[in-house]
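These notes are about the structure you will find just below.
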Amino acid sequence: MYRTFTICILVCHSFLLAQTTLQQEIDKMIQPIIEYKWNVGVVVGVYQKDKEDVVLSYGFSDKTTQQKTNVQTVFEIASISKAFTGILLSKMILENKLAMDDTIDKFIDIDSEVGKITLQHLVTHTSGLPSLPTNITPKDIDNPYTSYTDENILDFLRKYKLTRKPGKQYQYSNLGVGLLGKILQIQAKKSYESMVKEEICQPLSMSHTAITKDKKWQVAVGHDLDLTPVPFWDWPVLQGAGSLHSNVKDGLRFIKENIAAHHAQPKTTLQQALVKSHKTLRHVSGKLKIGTAWHKLGEDVVWHNGGSGGFRSFLGFNPQREIGIIVLTNTANSLDYVGFNILNFLSGEKMQEVVVRKTAEVDPKIFSSYLGTYKLGMLKIQISQNNDKLMVKIADQPAYRIYPETETKFFWKIVNAQLEFVKNKEGNVNKIILHQFGRQMPAVRIK
């Protein structure tokens, strides 16, 4: 009896220590992100088989009201919606309602090469269709899809000329998976939201995952990189690409069920569909592969991320190790690296150190001495000012804001890169140094 009691104490102590260590490691990553104002709010959920779920909440779901994030906070999950679209497709194939080699023109009247694109091409981003249809002209740039209609997408598909053969090359396409969602609706004679709820969410007891936000939900307010509140995105047409909302509680449930499906015997049709959606359909590059909408790292980690105007999301799991992670934030600053870092830690690897840079308070008047054009090899780098913001445009890329770390050192939030302004002996800025990928790349001022 004494021996059994001693063993129990040791096991319980070990479990608590492991959970405490995990929380400490996650705290070290997330707390500076909130403190240094990179993100307004973050919720992290961790699943490990035979262990209690870990849910950690940081910051605010609404910084105006100071409402804190919690396990119930609902976020836009954006492109994680594509994983749901892939599962619906897998289930309809198992039910003999669809086939991977079905072509678009079986469902939509398109008399062109676009009509010969298959469902497999759409779900693996190999259709040859662009990321977005070129005839999107948003009436509201902060809600870009809201005015796009069925007529618009049909007009685009009938006129578009493919630049490469379907199946030849991977190119991520919101249009492709959004179109797939539309085809599923046509075949099922149901709305996309109804299919997601009836075929996935209700069987898996996910009560806070939907397109339509319930008035009773605590819904987070989205923010751009400057932490300015931005509106939600509405998806009247391309819903299968990014229309869903969810919370960490449902996300953990989703992870558990995706993992459990691999080990269930016998399997329900939904469990078969979950497993089917994870299977590799195509190699992308390096270790990156793609299944039925899901991305994969090797054959171990199944994952997807999402991003909208004011939200970022990450969900990943390892079915063999039976571990999973979901990271939700109401800011347009990606935390994918947090998700991968935690998955690696749960797999026995050391947590990678994350450097979070603090924005310094500087007088915007100093920016005038930095403005101009700099040359890095064949590239031209243009420095401009937009009110109190310093902007950088490299070659034909859009201009992005850089944030001051000191009066002469700045950093991007969208990429891990820094820019340093260098003065000559006369005190005038005559060059910049771009710090990225461990390299220091000087650019001389030419204008």
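The number in my numbering is simply the position in the sequence shown, starting from 1, with 116 added. Glycine included, each C-beta is placed from N, C-alpha and C at the ideal position.
Asked, Found
"Count the other CB atoms, across all protein chains shown, that sit within 10 Å of the CB of Met293; report buried if there are 16 or more and exposed otherwise.", "In the sequence under discussion, the amino acid at residue 293 is Val, which differs from the Met named in the question. Classification of Val293: buried, given that the 10 Å Cβ count is 16 or more."
"Does Ser177 come out as helix, strand or coil in the three-state DSSP assignment?", "strand"
"Whether or not the region 535–554 and the region 454–470 are in contact is what I'm after, with contact meaning three or more pairs of Cβ atoms, one per stretch, closer than 8 Å; do they touch?", "no"
"With distances taken from CA atoms, which of Ser362, Gln534, Gly402 and Ser485 is nearest Gln188?", "Ser362"
"Quick one: grab the DSSP three-state call for Ile441.", "strand"
"What are the partner residues of Leu404, as DSSP defines its beta bridges?", "Ser401 and Leu413"
"How long is the line joining the alpha carbons of Lys481 and Lys496, rounded to whole angstroms?", "24 Å"
"Could you check the C-alpha separation between Leu404 and Thr344 for me, to the nearest Å?", "34 Å"
"Where do the N-terminal and C-terminal ends of the beta strand (DSSP E) with Ile510 fall, by residue?", "Lys505 to Ile510"
"Output needed for Gln301: all residues of its chain with C-beta closer than 6 Å, excluding positions within five of it in sequence on either side, in chain order.", "Tyr308"
"If we call anything under 8 Å between Cβ atoms a contact, is Arg517 one with Leu535?", "no"
"Looking at the structure shown, is Val418 part of a helix, part of a strand, or coil, going by DSSP?", "strand"
"Compare the C-alpha of Gln110 against each of Val454, Gly464 and Ala559 and name the closest.", "This structure cannot settle anything about residue 110, because the visible part of the chain is limited to 117 through 563."
"Here's the rule: buried if 16 or more other CB atoms are within 10 angstroms of the residue's CB, otherwise exposed. What is Leu428?", "Here the sequence assigns Arg to residue 428, which means Leu is not the residue at that position. Buried: at least 16 other Cβ atoms inside 10 Å."
"Over the uninterrupted alpha helix (DSSP H) stretch that includes Phe272, give me the two end residues.", "Asp266 to Lys275"
"Per the contact definition of three or more C-beta pairs closer than 8 Å, is the region 236–252 in contact with the region 406–423?", "yes"
"Exposed or buried, Glu315, counting other C-beta atoms within 10 Å across all chains shown (16 or more means buried)?", "buried"
"Start and end of the alpha helix (DSSP H) containing Arg280?", "It is not in any alpha helix (DSSP H) - Arg280 carries neither H nor E in the DSSP assignment."
"Could you name the residues that DSSP lists as bridge partners for Ser362?", "Phe191"
"Which parts of the region 294–325 are runs of the alpha helix (DSSP H), unbroken and 4 residues or longer, counting only runs that do not cross its ends?", "308–312"
"Mark Thr328 as exposed unless 16 or more other C-beta atoms lie within 10 angstroms of its C-beta, in which case mark it buried.", "exposed"
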